[in-house]
Amino acid sequence: RISLLAKPTVILVAGVNGTGKTTTIGKLAWHLSMGLGRTVMVAAGDTFRAAGVEQLEVWAQRAGVGFVKGPPGADPGSVAYDAVASATRERADVVLIDTAGRLHTQDDLMGELAKVRRVIAKQLEQAPHETLLTVDATTGQNGLRQAQLFSEAVEVTGLALTKLDGTAKGGIALAIAHELGIPVKLIGVGERLEDLRPFDPDEFARALIS
Numbered sequence: 774r775i776s777l778l779a780k781p782t783v784i785l786v787a788g789v790n791g792t793g794k795t796t797t798i799g800k801l802a803w804h805l806s807m808g809l810g811r812t813v814m815v816a817a818g819d820t821f822r823a824a825g826v827e828q829l830e831v832w833a834q835r836a837g838v839g840f841v842k843g844p845p846g847a848d849p850g851s852v853a854y855d856a857v858a859s860a861t862r863e864r865a866d867v868v869l870i871d872t873a874g875r876l877h878t879q880d881d882l883m884g885e886l887a888k889v890r891r892v893i894a895k896q897l898e899q900a901p902h903e904t905l906l907t908v909d910a911t912t913g914q915n916g917l918r919q920a921q922l923f924s925e926a927v928e929v930t931g932l933a934l935t936k937l938d939g940t941a942k943g944g945i946a947l948a949i950a951h952e953l954g955i956p957v958k959l960i961g962v963g964e965r966l967e968d969l970r971p972f973d974p975d976e977f978a979r980a981l982i983s
């Protein structure tokens, strides 16, 4: 489960573009706000992708939560900083921070992520409290490599396994949990706001062998 004890709880969300990262943040914001009654802020830290910022803003509006963004091409660390400062000032319960899913090289991307994490950690003790990695359930062994790289950069604490609504069984999640010790915390099973669920290992095991 995701711990929400800190106020604000800072959740950093990472993942390559196309894994459903933006959608996952939108659904999680909705679940925390509408389902659990928490005040939530969403930060558009993927400043390199204008369409991603717009998409995230639409999700934030649908979820009825606060939204923080910088000018196009802004430094992602400064957007994260502003979001945490804003959440602290306004006594929000949770801050969800989106991050870049693609830069010019893998090294650039990991360096940028590590920097964002450092900015947050300096600003707020023990933050980020959770670092979620979105992994496409249809991904093969490439998913394990992704998880390794992201984990080295930002210490991933949990997986959000997306696109489980098709024929995908999501066996890659077992490989990541086994090899890297990173647990699955959330699963995405559809396009609707309510289609993000806490991970149930028993249900998942039954689906894998059915």
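So in the working numbering the end of the sequence shown lands on 983, straight run, no missing numbers. Glycine included, every Cβ here is placed at the ideal spot set by N, Cα and C. Predicted model, so just to flag it, every value in this text is computed and none were measured.
Note to self: Rounding to the nearest angstrom, what Cα-Cα distance links Lys895 and Gly850 in this structure?
What the structure shows: Taking the first residue of the sequence shown as position 1, residue 895 is located at position 122. Taking the first residue of the sequence shown as position 1, residue 850 is located at position 77. Spanning the alpha carbons of Lys895 and Gly850 requires a straight line of approximately 11 Å.
Check: Can you name, in chain order, every residue of its own chain whose Cβ lies under 8 Å from the Cβ of Ile784, other than the five neighbours on each side?
Finding: As a working mapping, residue 784 is identified with position 11 in the sequence shown. Excluding residues within five positions, the ones whose Cβ falls inside 8 Å are Ile775, Leu801, Val867, Val868, Leu869, Ile870, Pro901, His902, Glu903, Thr904 and Leu905.
Notebook entry, point to check: Are the stretch 928 to 948 and the stretch 956 to 976 touching by the rule of at least three beta carbon pairs closer than 8 Å?
Noted result: These segments touch.
Next item on the list: Between the Cα of Asp968 and those of Val957, Trp803 and Ile893, spot the shortest distance and give me the residue it belongs to.
Entry: Position 195 of the sequence shown, counted from the start, is the residue given in the question as residue 968. The residue among Val957, Trp803 and Ile893 with its C-alpha nearest the C-alpha of Asp968 is Trp803.
Note to self: Quick check on this structure: which residue in Leu932, Ala933 and Gly799 has the alpha carbon closest to the alpha carbon of Gln834?
What the structure shows: Position 61 of the sequence shown, counted from the first residue, corresponds to residue 834. Nearest neighbour of Gln834 by Cα position, chosen from Leu932, Ala933 and Gly799, turns out to be Gly799.
Checklist line | CA nearest to the CA of Ala816, picked from Glu898, Met807, Ala910 and Gln828 | finding: Position 43 of the sequence shown holds residue 816. Ranking Glu898, Met807, Ala910 and Gln828 by Cα distance to Ala816 puts Gln828 first.
Margin query: Taking a contact to mean a Cβ-Cβ separation below 9 Å, would you say Ala873 touches Asp909 in this structure?
Written below: Stepping through the sequence shown from its first residue, residue 873 is reached at position 100. Stepping through the sequence shown from its first residue, residue 909 is reached at position 136. Taking 9 Å as the cut-off, the beta carbon of Ala873 is found no closer than this to the beta carbon of Asp909.
Notebook entry, point to check: Three or more C-beta pairs closer than 8 Å, one from the stretch 911 to 927 and one from the stretch 940 to 952: is that the case here?
Noted result: With three or more CB-CB distances shorter than 8 Å, the stretch 911 to 927 counts as touching the stretch 940 to 952.
Notebook entry, point to check: Straight-line CA distance for Gly931 to Ala950?
Noted result: Here the question's residue 931 lines up with position 158 in the sequence shown. Here the question's residue 950 lines up with position 177 in the sequence shown. Cα to Cα, Gly931 sits roughly 9 Å from Ala950.
Note to self: I need the DSSP call for Ala823, collapsed to helix, strand or coil.
What the structure shows: One-based indexing of the sequence shown puts residue 823 at position 50. Of the three classes helix, strand and coil, the one that applies to Ala823 here is helix, per DSSP.
Item checked: Collapsed DSSP secondary structure at Phe840 in the structure displayed -> Counting from 1 along the sequence shown, the entry for residue 840 is found at position 67. Reduced to three states, the DSSP call for Phe840 is strand.
Item checked: Residue nearest to Thr907 in terms of C-alpha spacing, selected from Leu777, Gly839, Thr795 and Pro781 -> Counted from its first residue, the sequence shown places residue 907 at position 134. Among Leu777, Gly839, Thr795 and Pro781, the Cα nearest to that of Thr907 is on Thr795.
Next item on the list: Pull up the DSSP beta-bridge partners for Ala933, would you.
Entry: Position 160 of the sequence shown holds residue 933. Paired residues: Thr907 and Leu959.
Notebook entry, point to check: Quick one: what's Pro971 bridged to in DSSP?
Noted result: As a position in the sequence shown, residue 971 is number 198, starting the count at 1. Looking at the DSSP assignment, Pro971 forms a beta bridge with Leu959.
Item checked: Reference Leu777, options Val929, Thr797, Ala865 and Gly846, closest by Cα -> On the sequence shown, residue 777 is found 4 positions in, with the first residue counted as 1. A check of alpha carbon separations from Leu777 across Val929, Thr797, Ala865 and Gly846 identifies Ala865 as the nearest.
Checklist line | Glu885 CB to nearest heavy atom of the ligand ATP below 8 Å | finding: Annotation note on the ligand ATP: not contained in the displayed structure, which lists no ligands.
Margin query: Measuring straight from C-alpha to C-alpha, what distance separates Arg891 and Gly793?
Written below: Within the sequence shown, residue 891 is the residue found at index 118, counting from 1. Within the sequence shown, residue 793 is the residue found at index 20, counting from 1. One Cα belongs to Arg891, the other to Gly793, and the distance between them is close to 25 Å.
Next item on the list: To the nearest angstrom, report how far apart Val984 and Leu882 are at their CA atoms.
Entry: Examination of residue 984 is not possible in this model, given that the chain is present from 774 through 983 alone.
Note to self: Could you compute how far the alpha carbon of Thr797 sits from the alpha carbon of Gly884?
What the structure shows: Here residue 797 refers to the residue found at position 24 of the sequence shown. Here residue 884 refers to the residue found at position 111 of the sequence shown. Rounded to whole angstroms, the gap between the alpha carbons of Thr797 and Gly884 is 23 Å.
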